[in-house]
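Undergrad: In the UniProt record's numbering, the protein residues as written are 1 to 326. Where is the CB? At the ideal position from N, CA and C, for every residue including glycine.
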Amino acid sequence: MSQKLKDENLRPKIFKEYIGQENIVKTLKLFVDAVLKRGKPSEHILFYGPPGIGKTTLAYVVANELKGEIKVTSGATITKSGDLAAILTNLKDNDVLFIDEIHRLPKTVEEMLYPVMEEYALDIIIGKGPSARTVRLSIPRITIIGATTKLALLSAPLRDRFGLVLRINYYTTPEIEKIIVRSSRILNIPISQEASRQIALRSRRTPRLANRILKRARDILEVDKHLQIDDKLLSKLFTLLEIDEIGLTDIDIQYLKLMSTKFDNVALGVETIASSLSEDKRTIEEFIEPYLLRLGFIKKTSRGRVLTPKALSHLKINKLEQKKLL
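1. Name the one or two DSSP bridge partners that T134 has.
2. If we ignore side chains and look at the alpha-carbon of each, how far apart do L248 and I78 end up?
3. Compare the Cα-Cα distances from G163 to each of L153, H226, T27 and report the closest residue.
4. Going by DSSP, which residues form a beta bridge with A267?
5. For Y18, which residues in the same chain have their Cβ closer than 7 Å to its Cβ, ignoring the five residues on either side in sequence?
6. Just to confirm, are D231 and A195 a CB contact at a threshold of 8 Å?
7. Measure the alpha-carbon distance for N188 versus E222 and round it to whole angstroms.
8. Taking the alpha carbon of K87 as the point to measure from, which residue in E65, K67, I142, T108 has its own alpha carbon closest?
9. Given K310, which residues of its chain have a CB within under 8 Å of its CB, disregarding the five upstream and five downstream residues?
10. Do the CB positions of M112 and S81 come within less than 8 Å of each other?
11. If I'm right that residue 333 touches I144 with Cβ under 8 Å, what's the distance once you round it to whole angstroms?
12. When the Cα atoms are used, what is the spatial distance from F287 to S155?
13. Put A76 into one of helix, strand or coil per three-state DSSP.
14. Please state whether the Cβ-Cβ distance between I246 and Y171 is less than 8 Å.
15. Tell me whether the beta-carbon of G49 lies closer than 8 Å to the beta-carbon of N169.
16. Go through its chain and collect everything with a Cβ distance to L258's Cβ below 6 Å, but skip five positions before and after it.
17. What are the boundary residues of the beta strand (DSSP E) that I45 is part of?
18. Using the three-state DSSP reduction, which class does L166 fall into: helix, strand or coil?
19. Starting from A63, follow its DSSP beta bridges and name the residues at the other end.
20. Given D250, which residues of its chain have a CB within under 8 Å of its CB, disregarding the five upstream and five downstream residues?
21. Could you tell me which residues DSSP puts in a beta bridge with G304?
22. Report the partner residues of N272 according to the DSSP bridge assignment.
23. Between the Cα of I102 and the Cα atoms of Y291, T56, T261, which residue gives the shortest distance?
24. Considering only residues of the same chain and omitting the five flanking positions on each side of K281, which have a CB-CB separation below 8 Å?
25. Just tell me which of D224, K29, E177, R303 has its CA closest to the CA of L201.
26. Pull the bridge partners of I251 from the DSSP assignment, please.
27. Give me the residue from T206, S184, P207, D244 with the minimum Cα distance to A217.
28. Below 8 Å on the Cβ atoms is my contact criterion, and I expect I14 with N64 to pass it. Report the Cβ-Cβ distance as a whole number of Å.
29. So what's D100 in DSSP terms, helix, strand or just coil?
30. Measuring only the C-alpha atoms, how far is I124 from T134?
31. If you count every other CB in all the chains shown that lies within 10 Å of the CB of A59, and 16 or more means buried, which is it?
32. Could you check where the beta strand (DSSP E) with G146 kicks off and where it finishes?
33. Going by C-alpha distance, which of N94, D264, R205 is nearest D33?
34. May I ask you to list the residues that DSSP assigns as paired with I213?
35. My output table needs one value for K257: the three-state DSSP class, helix, strand or coil.
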């Protein structure tokens, strides 16, 4: 099997292979069993949660368990009603239409989706002006699976048409370890137990990031001709990637040091932080801060962002300095 195919096969194909998200997997298994018993789907599924935690993978699993095919698209690529019609007319019963970033669907396309979800019918307007008429086409009994990182941006009428709305949460460190062990076995990469744990600790509890680090470790393994991925190899890798023991990257450390050292941990607005780091405001809010908030390293106040004692301890600022900064 080619390396590219192996990389693609990291996705689990059935519920038994899926690691983590136990309650969600149980709910989906019940849904699939009910559909197979009835012989036709009657509900649609919406996944929401942070990027990289398995929304697309779960859609593939559901399609496989339903014994159907999956068509993958995204809200940004379906720009007009004709695009949606072309996709729907090529599907069969029990197939899955997976729409990633579904909140980015144009309003006209979204409204066209309503009868599809409720009545398995597609309304097409033929002609223009006074002679225009609507033709209703029947479409196969498919399951639509939507995924979004921003649930609040989804319109209420669209959100309410999903029978299952499931939040995909971050994984635990032991679950990430199991995912790394499974991926290394599929990729045929020898790895020590401690190495898999070290990768898990730096993966921000996100499978996509864990697999990305594992693949970079494989690069060093092959180039430097190591026997397995171990602590020595990872030490070199984490230095190259500038990732510390809890998954903070170079830009995260710059953010923390800017707050603690340059500005003496006074409350700062996001615009000031962005300007000081020469970064875009959205990069700060959507890429850097979420993980720091999750770690409990920063807190947002009415006056701005401030570091917590936990962050100062990680930066190895002593207690006397902490008191001064706080």
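TA: Concretely, from the data shown:
1. Here residue 134 corresponds to residue number 134 of the sequence shown, with the count starting at 1. Beta-bridge pairing links T134 to I125.
2. The sequence position of residue 248 within the sequence shown is 248, counting from 1. The sequence position of residue 78 within the sequence shown is 78, counting from 1. Cα-Cα distance, rounded: 36 Å.
3. If you number the sequence shown from 1, residue 163 lands on position 163. G163 has its Cα closest to that of T27, out of L153, H226, T27.
4. Sequence index remark: in the sequence shown, residue 267 carries index 267 (1-based). Beta-bridge pairing links A267 to no other residue.
5. Counting from 1 along the sequence shown, the entry for residue 18 is found at position 18. Only P12, V25, V61 meet the Cβ criterion.
6. Position 231 of the sequence shown, counted from the start, is the residue given in the question as residue 231. Position 195 of the sequence shown, counted from the start, is the residue given in the question as residue 195. Contact: yes.
7. For this step, residue 188 is matched to residue 188 along the sequence shown. For this step, residue 222 is matched to residue 222 along the sequence shown. Looking at the two C-alpha atoms, the distance is approximately 12 Å.
8. In the sequence shown, the residue the question calls residue 87 occupies position 87. One detail in the question is off: residue 87 reads as Ile in this sequence, not Lys. The shortest Cα separation from I87 among E65, K67, I142, T108 belongs to I142.
9. The residue labelled residue 310 in the question sits at position 310 within the sequence shown. Once the five neighbours on either side are set aside, the close Cβ partners of K310 are L295, G296, F297.
10. As a first step, residue 112 must be located in the sequence shown, where it is residue number 112. As a first step, residue 81 must be located in the sequence shown, where it is residue number 81. Result yes, Cβ atoms of M112 and S81 sit closer than 8 Å.
11. As shown, the chain starts at 1 and ends at 326. That puts residue 333 outside it, with no answer to give.
12. If you number the sequence shown from 1, residue 287 lands on position 287. If you number the sequence shown from 1, residue 155 lands on position 155. Taking the straight line from one Cα to the other gives about 24 Å.
13. Position 76 of the sequence shown holds residue 76. Looking at A76 - three-state DSSP - the assignment turns out to be coil, as it is neither helix nor strand.
14. Here the question's residue 246 lines up with position 246 in the sequence shown. Here the question's residue 171 lines up with position 171 in the sequence shown. In this structure, Y171 does not lie closer than 8 Å to I246 by Cβ.
15. In the sequence shown, the residue the question calls residue 49 occupies position 49. In the sequence shown, the residue the question calls residue 169 occupies position 169. Yes, the Cβ-Cβ distance between G49 and N169 is below 8 Å.
16. In the sequence shown, counting from the first residue as 1, residue 258 sits at position 258. So the qualifying residues of the chain are S276.
17. The residue labelled residue 45 in the question sits at position 45 within the sequence shown. That run of the beta strand (DSSP E) goes 45-48.
18. Within the sequence shown, the letter at position 166 stands for residue 166. L166 falls in the strand class under three-state DSSP.
19. On the sequence shown, residue 63 is found 63 positions in, with the first residue counted as 1. Looking at the DSSP assignment, A63 forms no beta bridge with any residue, so it has no partner.
20. Locating residue 250 in the sequence shown gives position 250, where the first residue counts as 1. Excluding sequence neighbours, D250 sits near E242.
21. The residue labelled residue 304 in the question sits at position 304 within the sequence shown. G304 is bridged to T301.
22. Locating residue 272 in the sequence shown gives position 272, counting from the first residue. The amino acid occupying residue 272 in the given sequence is Thr; Asn does not appear at that position. T272 is not bridged to any residue.
23. The residue labelled residue 102 in the question sits at position 102 within the sequence shown. It is T56 whose Cα lies nearest to the Cα of I102.
24. Walking along the sequence shown from the start, residue 281 turns up at place 281. Once the five neighbours on either side are set aside, the close Cβ partners of K281 are V270, E271, A274.
25. Counting from 1 along the sequence shown, the entry for residue 201 is found at position 201. Comparing Cα-Cα distances from L201 to each of D224, K29, E177, R303, the minimum goes to E177.
26. Looking up residue 251 in the sequence shown gives position 251. In DSSP, I251 forms no bridge with anything.
27. To locate residue 217, count along the sequence shown from 1; it is residue 217. Measuring from the Cα of A217, the nearest candidate turns out to be S184.
28. As a working note, residue 14 is residue 14 in the sequence shown. As a working note, residue 64 is residue 64 in the sequence shown. Going by Cβ atoms, the distance from I14 to N64 rounds to 6 Å, so yes, they are a contact pair.
29. Here residue 100 refers to the residue found at position 100 of the sequence shown. Of the three classes helix, strand and coil, the one that applies to D100 here is strand, per DSSP.
30. Residue mapping note: residue 124 aligns to position 124 of the sequence shown, counting from 1. Residue mapping note: residue 134 aligns to position 134 of the sequence shown, counting from 1. Cα-Cα distance, rounded: 6 Å.
31. Looking up residue 59 in the sequence shown gives position 59. Buried: at least 16 other Cβ atoms inside 10 Å.
32. Position 146 of the sequence shown, counted from the first residue, corresponds to residue 146. Counting along the chain, the beta strand (DSSP E) containing G146 begins and ends at 143-148.
33. Looking up residue 33 in the sequence shown gives position 33. Cα-wise, what sits closest to D33 is N94.
34. As a first step, residue 213 must be located in the sequence shown, where it is residue number 213. Per DSSP, none; premise fails for I213.
35. Translated into positions along the sequence shown, residue 257 becomes position 257. In the structure shown, K257 sits in a helix (DSSP, three-state: H, G or I).
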